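Encoded as structure tokens, the structure appears first; notes follow it.
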Amino acid sequence: MERNWLGWMVLLPLMGSVMGSVMGSTDVIAQEVPSTGGLRLRPLPASEVEALPPMQGGTRSPVVPVAPTPLPPDRGGFPAAPPAPAPATPDPQRGPVVTEPEPPKPTVQLAPLQRSPIRLFNLETANQLNWGELAITAGVRAFGNDRVTAGSALEVYSGSIDYGIDERLQVGVAFLFYDDPLGRPVGTVNNASLAITAIAPNFKYSLLQTETTRLSLGGSLEYLNVSTLGSDFLGGTASSGSLAGSVFLPLTYAPSPEVQLTVTPQVSVLPNTIGTANFLAPFLALALGSTGKLRPV
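Quick note: the sequence shown uses this note's numbering, first residue 1020, plus one each step.
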């Protein structure tokens, strides 16, 4: 027993030295856990560590305070924005950092037939062709089914060719032809035969272009040939060629991409007489029109 007692006397100081070294590197404290009745270890703050007495057989490592980690700001349920990337620093060996610009997004260029029309029959709109675009139209207008003789009806044949010089100027030429007996008597003249031939070069220049409103100025100079083919209509003239002209100012408003409203005031100068009969002479006109297209699904 005496030898064992001496052995314990030697071991106790050694164990205290080892435990002091371990405890000196990490400061912990035992805390009772109420729910389980056991113990758990928790780190000691710096203020409590400094207040502890020095341990025998070992040295205590210095306590380095740790800065608290800041929490992200409250953004009403939205996560905090990620930090901005650091600006690129130039590498002396590779030269300055060059940022490539983003390629432009492709734009869809619609064909003239996919856009709103440049005219509605004889109503000019403020819509125009773009640079380099060409539009050709041809058609017939039937105004009734009255027939005087077989194969005759009130039909007018017309057509046009238009070209976009640039983004503001458009030029073109239009033609019109009619050659038929009229469907009904005109005054005291029955079975009036009439032939009309007209050729009119024209232009249209854009004055205003916004997202919803367009305003243009246009005009035409027309060669007009009228003949009555031997009837008493228009004084019985066989043929008469005259010049006529028009100036118009179309205003087009688009409340939506699918709908357009147009108002076009116009001044036309026509001959006072055709043959020996009075004709229209100069007159003012105001035309209204609208267009609409279905929205693609």
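Ideal Cβ positions, reconstructed from N, Cα and C, are used throughout, including at glycine. Nothing here was measured: the structure is a model prediction, and the numbers come from that model.
{"Check": "Of the choices 1298, 1173, 1151 and 1190, whose alpha-carbon is the least far from that of residue 1240?", "Outcome": "1190"}
{"Check": "Between which two residues does the beta strand (DSSP E) harbouring residue 1298 extend?", "Outcome": "Here residue 1298 belongs to no beta strand (DSSP E), and DSSP marks it neither H nor E."}
{"Check": "Where residue 1181 and residue 1146 are concerned, what is the direct C-alpha to C-alpha distance, given to the nearest angstrom?", "Outcome": "12 Å"}
{"Check": "Since residue 1269 contacts residue 1235 with CB under 8 Å, what's their CB separation in whole angstroms?", "Outcome": "5 Å"}
{"Check": "In whole angstroms, what is the alpha-carbon distance linking residue 1227 and residue 1178?", "Outcome": "28 Å"}
{"Check": "Considering only their Cβ atoms, is the gap separating residue 1314 from residue 1277 smaller than 9 Å?", "Outcome": "yes"}
{"Check": "Along the beta strand (DSSP E) that carries residue 1135, what are the first and last residues, could you check?", "Outcome": "Per DSSP, residue 1135 belongs to no beta strand (DSSP E) and is neither H nor E."}
{"Check": "How long is the line joining the alpha carbons of residue 1245 and residue 1124, rounded to whole angstroms?", "Outcome": "55 Å"}
{"Check": "Between the beta-carbon of residue 1274 and the beta-carbon of residue 1306, is there less than 9 Å?", "Outcome": "no"}
{"Check": "Verify whether the separation of the beta carbon atoms of residue 1311 and residue 1266 is less than 9 Å.", "Outcome": "no"}
{"Check": "Which one or two residues does DSSP pair with residue 1190 in a beta bridge?", "Outcome": "1182 and 1222"}
{"Check": "Would you kindly report the start and end of the unbroken beta strand (DSSP E) that includes residue 1244?", "Outcome": "1232 to 1246"}
{"Check": "Rounding to the nearest angstrom, what Cα-Cα distance links residue 1128 and residue 1247 in this structure?", "Outcome": "48 Å"}
{"Check": "Could you pull the DSSP bridge partners for residue 1160 from this structure?", "Outcome": "1175"}
{"Check": "For residue 1271, does the count of other Cβ atoms within 10 angstroms reach 16, so buried, or fall short, so exposed?", "Outcome": "buried"}
{"Check": "Buried or exposed: where does residue 1050 fall if 16 or more other Cβ atoms within 10 Å of its Cβ makes it buried?", "Outcome": "Only weak support exists for where residue 1050 lies, its pLDDT of 48 falling under 50; the coordinates are left without a value."}
{"Check": "So, are the CB atoms of residue 1175 and residue 1220 less than 9 Å apart?", "Outcome": "no"}
{"Check": "Taking all protein chains shown into account, do 16 or more other C-beta atoms lie within 10 angstroms of the C-beta of residue 1160, making it buried, or fewer, making it exposed?", "Outcome": "exposed"}
{"Check": "Would you check if the distance between the CB atom of residue 1319 and the CB atom of residue 1121 is smaller than 9 Å?", "Outcome": "Since the first residue shown for the chain is 1020 and the last is 1316, residue 1319 is missing from the structure and cannot be characterised."}
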